[in-house]
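S.K.: So the mapping is simple: our numbering equals the position in the sequence shown, first residue as 1, plus 730. The beta-carbon is built from N, C-alpha and C at its ideal position, and this holds for glycine as well.
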Amino acid sequence: MRSILIYILFSLLSYTLNCHAQTFRGISVSDGLPDLVVNALYKDSTGYLWLGTSSSIERFDGVHFKHYSISATNEKEKEVNVITGMPNNEVWFGNNAGLWRINGDELEGIAPDVINSKVYSLLHDGAGHLYVGGEAGLFIINESKVDQVLIDPNILSVANTVKGLALDNKGNLWIATLHGLYSMSLTDKAIKAYEPLDGELSVSYNNIYMIGSVLYLGTLEKGIIAFDTETGGFEYYMDLGCITSLSGDQHDLLYVGTNGNGIYFISAKDKKIVKRIQHDPNSREGLRSNSVYSLLVDRDGIIWAGLFQIGLDYSLYQHELFSVYQHLPELDLKYFAVRAIEIGENDKLIGTRDGLFYIDEKRGICKDFRSSHLRSQMIMCSYAFNGKYYLGTYGGGMYVLDPLTVTLSDFEPQIPNPFIHGQVFSITSDYWDNLWIGTSEGLFCYKDGEQKFHYTSKNSRLPEGNVYKIYFDSTHRGWVCTENGMCLIESSSDRLITDKFPEGFIHKKMIRAIYEDSQRNLYFIPDKSSLFVSDLILKTFKEITDTPLDGRNLQFIIEDDEHWLWIGTSDGLFRYDKGENFVSYNFADGVPTSIFLGCPPKKGIDGTLWFGSSQGLFYTNTKRINDAKEYPYTLQITGVSVDNTSFTSPVKRKKGEYEMALNSYKEEVTIYFSDFTYTDPKYMSYEYKMEGKDIRWIPLSGISKISFYNMSADKHVFKLRRAGNPDSEICLLLDNSSSAGVYWIPVLIVIVVILGGGYCFYRWRIKKAILDTPQFLSSSEEAISEEIENDDSLLSDDKYKSCNITVEDCRELTERLKAIMRNDKPYIDPKLKIIDLAETLDVPPYKLSYLFNQYLKRTFYDYVNDYRIAEFKYLVNKGEHKTYTLSAMIEKCGFISRASFFRYFKKTTGMTPNEYINTLEQGKK
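(1) Once you ignore the five residues that flank S975 on each side, which residues in its own chain have a CB closer than 6 Å to its CB?
(2) What whole-angstrom Cβ distance do Y1646 and T1639 have, given they're in contact under 8 Å?
(3) So, at 6 Å on beta carbons, what are the nonlocal neighbours of E1194 in its own chain, with the 5 sequence-adjacent residues on each side left out?
(4) Counting only runs that start and end within the region 926-1000, where is the beta strand (DSSP E) found for 3 or more residues in a row?
(5) Excluding the 5 residues preceding and the 5 following N846 in the sequence, name in chain order all residues of the same chain whose CB lies nearer than 6 Å to its CB.
(6) Could you check if Q1249 is buried or exposed, using at least 16 other CB atoms within 10 Å of its CB as the buried criterion?
(7) Distance, Cα to Cα, N1116 vs L1252?
(8) Helix, strand or coil: which one does DSSP assign to E1651?
(9) Assuming the contact rule is C-beta atoms closer than 8 Å, V1154 and P1148 should be a hit. Round their C-beta distance to whole Å, please.
(10) CA-CA distance, G863 and R1426?
(11) Find out if the Cβ-Cβ distance for the pair S867, L886 is shorter than 8 Å.
(12) Please list the segments of the beta strand (DSSP E) lying wholly inside the region 1248-1292, counting only runs of 3 or more residues, in order along the chain.
(13) Note the first and the last residue of the continuous beta strand (DSSP E) segment covering P1429.
(14) Counting Cβ pairs, one atom from each stretch, are 3 or more of them under 8 Å apart for the region 1346-1356 and the region 1313-1326?
(15) Does the region 1116-1125 come within contact of the region 1155-1167, defined as at least 3 CB pairs closer than 8 Å?
(16) What does a CB cutoff of less than 7 Å around S799 pick up in its chain, not counting 5 residues either side in sequence?
(17) Could you spell out the range, first to last residue, of the beta strand (DSSP E) harbouring D1596?
(18) Starting from M1551, trace the beta strand (DSSP E) in both directions and tell me its first and last residue.
(19) Within 10 angstroms of the Cβ of W1162, are there 16 or more other Cβ atoms? Answer buried if so, exposed if not.
(20) Suppose you measure from the CA of E807 to the CA of I1003; what does that come to, to the nearest Å?
(21) Distance, Cα to Cα, D1307 vs K1199?
(22) Between T1649 and K1608, what straight-line distance do the alpha-carbon atoms span, to the nearest angstrom?
(23) Would you check if there are 3 or more beta carbon pairs closer than 8 Å linking the region 1410-1425 to the region 1433-1449?
(24) Between the Cα of I983 and those of R1006, D969 and G962, spot the shortest distance and give me the residue it belongs to.
(25) Sorted by chain position, which residues of the same chain lie with C-beta nearer than 8 Å to H1151's C-beta, five sequence neighbours on each side aside?
(26) Rounded to the nearest angstrom, how far is the Cβ of I1297 from that of L1279, given a contact under 8 Å?
(27) Assuming F1625 contacts R1588 under a Cβ cut-off of 8 Å, what Cβ separation, rounded to an integer in Å, is found between them?
(28) If I938 sits next to G894, beta carbons under 8 Å apart, how far is it from one beta carbon to the other, in whole angstroms?
(29) Which whole runs of the beta strand (DSSP E) in the region 1356-1418 are 3 residues long or more, in chain order?
(30) Is the separation between the beta-carbon of G971 and that of G948 shorter than 8 Å?
(31) On a CA-only basis, which of G1094, N1351, T1375 and C1461 is nearest R1383? Give me that one, please.
(32) Can you tell which of G1036, F823 and Q1584 has the C-alpha that lies nearest to the C-alpha of L763?
(33) Would you mind stating whether K773 and D1043 have Cβ atoms separated by less than 8 Å?
(34) Alpha carbons only, please: which of Y1614, L911, A923 and V1210 is nearest the one belonging to D1224?
(35) Starting from N1045, follow its DSSP beta bridges and name the residues at the other end.
(36) The beta strand (DSSP E) spanning M1128 covers which residue range?
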């Protein structure tokens, strides 16, 4: 018995691990991934996933890619092998040409003179040291210092090809190479080799991971080899073929990617495979290939797999707000469409389209009733009454289940139609314990097993057609819903009446469900129409429209302990506060499907809500909804595209607030955003509004961008939040106010033509624009020199009196500075500081500060920006504005933002960049 229990528990654990990642989404070229060989994966603290391909670095936010091209002498050098995170959320990567840092939108080489060969492994110790393994041995980077350590003195030895690194807690760095395993003491950098006694054990390792005192070494042919650092012993661990990726959870699980055998999760302690993910040709939701080149199981439990020549697969994220009911692994209800449920204190009745299931967890009973027990397997309704369960079927009549004996019996065998061969749609009871049954043959009423009434459209006012729903409200009044309208059961006489409905009521429609809430309001769900609400006396009623429910086929309604309504539809589940707030729940929240049938939900005695769906049974409660952990990442504006040009990141002022200057009239502005949930994009739900334009929040489902056209010359505030989540709100200020003058351009042109000065003005601009970079700088520098020669106030500022520098020294330093700016172009670095130039010139920073402020009479930033503007003009004169976007050219010139560039360009030239380009083009005609 004990062994059986252990087996069941282990089966449950295995099921939990496997069910978390059953659904994968595949990413390829059509989704924006330009290269289909993904070698490296990393997820940063913001939520972005970084991919290293055979030719580029890509940033992915769940919907959109941002591409970082790598410059190299040949395509093979571009191949990315490893990505890692550094302090301050920096991202570094190694490729076949060396080590790189991602700096904004640019890639910056790290120690390119020293690290200029293939880099395979990166490991940061959290204390300021980065260990870099590659084909030239080991490199240790500490701040700006780089030390190279050769594993073997012979530089050509394959022992110097470092494929993996691991740190233990005893001050040792473990190094996996193509020629065996080594350790290096962090104190004296002493290298020690470890060779297996068994000559058949592989000594060529592809990767390494450490759990406790054991190293797990991945090989290209013989799977995983384990090495105990305490005993110094090697052993075969598990033969899984070619190990391409090896990582873990730092406690017990190993995550293994293979080239040809898919993915494995292994319990290191038990030496057992607890999960295996492989390509299934018959599944559209599984892994697309077994050739896994890179594998990442991130902190949110999402499995990312880089595949050879196919792209990227990842398991869809689910926020654990709901749980799928699973009594035992062998009873998987996922593939059953649930139509009726009853939830007892210890037992559950689940009616589906394919049979009936009865589960009593306390007594250990799990029984299913299929074709051998039922005339029809399609259960339409159920009802718990006087200690028994009553069941209606489609085409098989009505049954009674006795939970004590777990046996089925016919309800009324003497009336074959509808109780043996007919359709039973609804069963309920009234205040006096009468049992009411809606069927294909009218409405029946039973008391103590005896029939009291049988209403039809011929002997009563019952509307024609099937009786789909019966409901008794708190006044004991009965509502009978047929496919052709409603009637009421008069409690005093048991008569059916149809003439008590007020004008404009919903009684002539087919009603799927009726529900009375705690405030004594009646809610009606009509077929293919909007939600309808009324008070009990039918005096005040209305149709609820202009909501996220519009256009959806409503199926059921129930109230939770906080008096919110839950509404199931054929396309989603919603929670409604009875005011203006709707919260949608879908796959990303743990709901197994967005398709709901007409299964009435039930509330347990503990407040748990149970829902039947097209894919099984699931549950939640208000405490779980309210206490659930926050989404792992905040909603963010990831980029803005203007007039279909480049993808630009807005300036983030503070948490949740962004700003971007448009600077001129724009026909189309597209805003991109992400909440980094990494579910299927069709399940992403947002709400937005533009301040001053939209009164209400506008729902946005399945889309992670929004476009605005012909925006007025003003400041616009765009607000965005997760659907139904006010706390997630962020905003973007779009400043388009500088474009106001655009509307006056025609008037100005007329004025210029009338005055006759326009032509001369443009010719003067054209002549000035044709200057290239050296010419521009020469004229600018000559003007500065004349200014200096005629200025008698040099060296007069009191704060520089102690500065021992002469005018001649200033002249000499100026010439040196000009030479560096012309030849080396340090100004194209957007992070250039005065201390950087001082180091290059080998002078103290205060002397350079004196030079700018006292001799050149300008700030450091004005001086540098003059060169950047000159560089921009030079690029335009070369025609590069026809190849690159304006944003790309701005970055190439060294400006850190579009706003600062536009502001300084207008200040120095008197025109906008677009006016400058247009002027230049006209001059060349």
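M.R.: In short, the structure shows the following:
(1) Residue 975 sits at position 245 when you count from the first residue of the sequence shown. So the list reads G987, S1024 and L1025, once near-sequence residues are dropped.
(2) Within the sequence shown, residue 1646 is the residue found at index 916, counting from 1. Within the sequence shown, residue 1639 is the residue found at index 909, counting from 1. Right, their Cβ atoms sit about 6 Å apart.
(3) In the sequence shown, counting from the first residue as 1, residue 1194 sits at position 464. Only S1187 and N1214 meet the Cβ criterion.
(4) 937-941, 944-948, 954-958, 963-968, 973-978, 983-988 and 993-997
(5) For the purposes of this step, residue 846 is taken as residue 116 along the sequence shown, with counting starting at 1. Contacts found: G828.
(6) Your numbering for residue 1249 matches position 519 in the sequence shown. Exposed.
(7) As a working mapping, residue 1116 is identified with position 386 in the sequence shown. As a working mapping, residue 1252 is identified with position 522 in the sequence shown. Going from the Cα of N1116 to the Cα of L1252 covers about 26 Å.
(8) Counted from its first residue, the sequence shown places residue 1651 at position 921. Note: E1651 maps to helix in three-state DSSP.
(9) Working through the sequence shown from its first residue, we reach residue 1154 at position 424. Working through the sequence shown from its first residue, we reach residue 1148 at position 418. About 6 Å; that satisfies the 8 Å criterion.
(10) Here residue 863 refers to the residue found at position 133 when the sequence shown is read from its first residue. Here residue 1426 refers to the residue found at position 696 when the sequence shown is read from its first residue. Between the alpha carbons of G863 and R1426 lies a distance of about 56 Å.
(11) Taking the sequence shown and counting its residues from 1, the one referred to as residue 867 is at position 137. Taking the sequence shown and counting its residues from 1, the one referred to as residue 886 is at position 156. Inspection of the sequence shows that residue 867 is occupied by Gly rather than by Ser. In this structure, L886 does not lie closer than 8 Å to G867 by Cβ.
(12) Within the region 1248-1292, the complete beta strand (DSSP E) runs of at least 3 residues are 1251-1256, 1261-1265, 1271-1274 and 1284-1289.
(13) As a first step, residue 1429 is located in the sequence shown; it is residue number 699 there, counting from the start. Here the beta strand (DSSP E) through P1429 covers I1428 to S1431.
(14) Yes, they touch.
(15) yes
(16) Walking along the sequence shown from the start, residue 799 turns up at place 69. Result list for S799: S786, in chain order.
(17) As a position in the sequence shown, residue 1596 is number 866, starting the count at 1. First-last for D1596: F1590 to N1607, but that is the alpha helix (DSSP H), not the beta strand (DSSP E).
(18) What you label residue 1551 is simply residue 821 of the sequence shown in a count that begins at 1. Premise fails: M1551 lies in the alpha helix (DSSP H), V1537 to N1553, not in any beta strand (DSSP E).
(19) As a working note, residue 1162 is residue 432 in the sequence shown. Classification for W1162: exposed.
(20) Position 77 of the sequence shown, counted from the first residue, corresponds to residue 807. Position 273 of the sequence shown, counted from the first residue, corresponds to residue 1003. E807 and I1003: Cα-Cα distance of roughly 37 Å.
(21) As a first step, residue 1307 must be located in the sequence shown, where it is residue number 577. As a first step, residue 1199 must be located in the sequence shown, where it is residue number 469. Each residue's alpha carbon lies about 25 Å from the other.
(22) Along the sequence shown, read from residue 1 onward, the residue named residue 1649 stands at position 919. Along the sequence shown, read from residue 1 onward, the residue named residue 1608 stands at position 878. The alpha-carbon atoms of T1649 and K1608 are separated by roughly 15 Å.
(23) yes
(24) By one-based count along the sequence shown, residue 983 stands at place 253. The residue you asked about is not Ile; residue 983 is Leu in the sequence shown. That would be R1006, whose Cα lies nearest to the Cα of L983.
(25) Sequence index remark: in the sequence shown, residue 1151 carries index 421 (1-based). Contacts found: R1105, G1125, G1126 and G1127.
(26) Here residue 1297 refers to the residue found at position 567 of the sequence shown. Here residue 1279 refers to the residue found at position 549 of the sequence shown. Confirmed, Cβ separation roughly 7 Å.
(27) Position 895 of the sequence shown, counted from the start, is the residue given in the question as residue 1625. Position 858 of the sequence shown, counted from the start, is the residue given in the question as residue 1588. Incorrect: roughly 17 Å between the Cβ atoms, too far for contact.
(28) In the sequence shown, residue 938 corresponds to position 208, counting from 1. In the sequence shown, residue 894 corresponds to position 164, counting from 1. Between G894 and I938 the Cβ distance is about 3 Å, and since that is below 8 Å, they are a contact.
(29) You should have 1366-1372, 1381-1384, 1387-1391 and 1398-1404.
(30) The residue you call residue 971 lines up with position 241 of the sequence shown. The residue you call residue 948 lines up with position 218 of the sequence shown. Their beta carbons are not under 8 Å apart, which means G971 does not touch G948 by this criterion.
(31) Here residue 1383 is taken as the residue at index 653 of the sequence shown, counted from 1. Checking every option, the nearest Cα to that of R1383 belongs to C1461.
(32) Numbered from its first residue, the sequence shown carries residue 763 at position 33. Measuring from the Cα of L763, the nearest candidate turns out to be G1036.
(33) By one-based count along the sequence shown, residue 773 stands at place 43. By one-based count along the sequence shown, residue 1043 stands at place 313. Cβ atoms of K773 and D1043: not closer than 8 Å.
(34) Against the sequence shown, residue 1224 aligns to sequence position 494. Among Y1614, L911, A923 and V1210, the Cα nearest to that of D1224 is on V1210.
(35) Within the sequence shown, residue 1045 is the residue found at index 315, counting from 1. Residue identity differs from the one stated: residue 1045 is Ser in this sequence, not Asn. Per DSSP, F754.
(36) In the sequence shown, residue 1128 corresponds to position 398, counting from 1. Note, M1128: beta strand (DSSP E), M1128 to D1132.
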